[in-house]
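Everything below concerns the one structure shown next.
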Amino acid sequence: MSHHFDEEPHNAITDSGIARVIPCKELEMGDPIKWLALGLRDLLKAPLLTIFFGVFFAAIPWFITYLVAMTGWHLVILPAMVCFMLIGPFLAAGLYDISWEFEKGHKPSIWHAIKAVKRNAVNEWGFGIMLMVLMIFWLRVASMIHALYPSYMGNDLEELIPFLVLGTIVGAIFTGIVFLLSAFTQPILMERRVDLGTAVLTSVNAVWLNKGPMFVWAMIIFTTVVIGFLTGFIGFILLMPLIGYATWHGYIDTIETKIERKYE
115 MSHHFDEEPH
125 NAITDSGIAR
135 VIPCKELEMG
145 DPIKWLALGL
155 RDLLKAPLLT
165 IFFGVFFAAI
175 PWFITYLVAM
185 TGWHLVILPA
195 MVCFMLIGPF
205 LAAGLYDISW
215 EFEKGHKPSI
225 WHAIKAVKRN
235 AVNEWGFGIM
245 LMVLMIFWLR
255 VASMIHALYP
265 SYMGNDLEEL
275 IPFLVLGTIV
285 GAIFTGIVFL
295 LSAFTQPILM
305 ERRVDLGTAV
315 LTSVNAVWLN
325 KGPMFVWAMI
335 IFTTVVIGFL
345 TGFIGFILLM
355 PLIGYATWHG
365 YIDTIETKIE
375 RKYE
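So the mapping is simple: our numbering equals the position in the sequence shown, first residue as 1, plus 114.
Rendered as structure tokens:
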């Protein structure tokens, strides 16, 4: 019997003896574009399901912005954007299920997609709690940056720039860490009966060993989020499901299986 994990060259964490990690493939720079094309195909095949989930993606940032307008705390927009990017992977479970159903040759349904979170419930909810803790930590950091902002300064852009730059740098580092931890975690938990630690470390390993293609993928996600915000969140109705479907195809493309998938 061959020791598959020991022979796998692209498995940095297992080699260090920290934990079990599912091996990943070496990606090419153009692969994220391919995932996007496959995601678009799924979107066009399931327009009503796409809109159903898309409305939730549009409603959440709208609600955040409404709260900002109510409280008048203008510097909350940046942490709110990061929070949205934190919550996104967990909400995307239903979208992954739709792409998975298409792959199996099944007809996806709303009920089947909603039940997707229950498939590996303990670990999936654990993943949700992990994202929530990260979100709360980020909000504390953001409020500390806000506390540095002197009350006597006005809302003049020139005076705000140092704080916006600081917030952007910290936010970018934080978002990068979250991307590393969660890029493929949710799809792994959905398809495989593995623990949260294995899923998270597999995601970290895959992103770390494919820095170039995964940076392209991160920029695609970031661009869609920016477009969504610029369109007053209307764009999220289609853009976030598109990213969700594409993420599933990215997972299938990146994380290896010992036995070839045979869908009925």
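The beta carbon of each residue, even a glycine, is placed where N, CA and C say it ideally should be.
Using 10 angstroms around the beta-carbon of residue i, count the other beta-carbons present and answer buried if the total reaches 16, otherwise exposed.
i: residue 238; result: buried
i: residue 185; result: exposed
i: residue 357; result: buried
i: residue 174; result: buried
i: residue 349; result: buried
i: residue 177; result: exposed
i: residue 276; result: exposed
i: residue 351; result: buried
i: residue 108; result: Because the chain spans 115 through 378 in this model, residue 108 falls outside it and cannot be assessed.
i: residue 121; result: Summary for residue 121: the model assigns pLDDT 42, below 50, so the residue's position carries little reliability; its value from the coordinates is reported in the next sentence. Residue 121 comes out exposed.
i: residue 137; result: buried
i: residue 214; result: buried
i: residue 135; result: buried
Could you pull the start and end residues of the alpha helix (DSSP H) that residue i belongs to?
i: residue 136; result: Taken as a continuous stretch (DSSP letters only), residue 136 belongs to no alpha helix (DSSP H), as it is neither H nor E.
i: residue 218; result: 207-218
i: residue 154; result: 145-159
i: residue 262; result: Taken as a continuous stretch (DSSP letters only), residue 262 belongs to no alpha helix (DSSP H), as it is neither H nor E.
i: residue 319; result: 310-323
i: residue 227; result: 224-228
i: residue 299; result: 299-305
Per DSSP, residue i is paired with what?
i: residue 369; result: 138
Does the count of Cβ pairs from the stretch 206-217 and the stretch 359-371 closer than 8 Å reach three? yes
Three or more C-beta pairs below 8 Å linking the stretch 245-261 and the stretch 214-234: Taking 8 Å as the limit for Cβ pairs, the verdict is that the stretch 214-234 does not touch the stretch 245-261.
The stretch 292-304 contacting the stretch 313-322, beta-carbon criterion three pairs below 8 Å: Short answer: they touch.
Specify whether the stretch 152-164 and the stretch 328-335 touch according to this definition: at least 3 beta carbon pairs, one from each stretch, less than 8 Å apart. Short answer: they don't touch.
Just to confirm the assignment: which complete alpha helix (DSSP H) runs, minimum length 4, are found wholly within the stretch 325-351? You should have 325-344.
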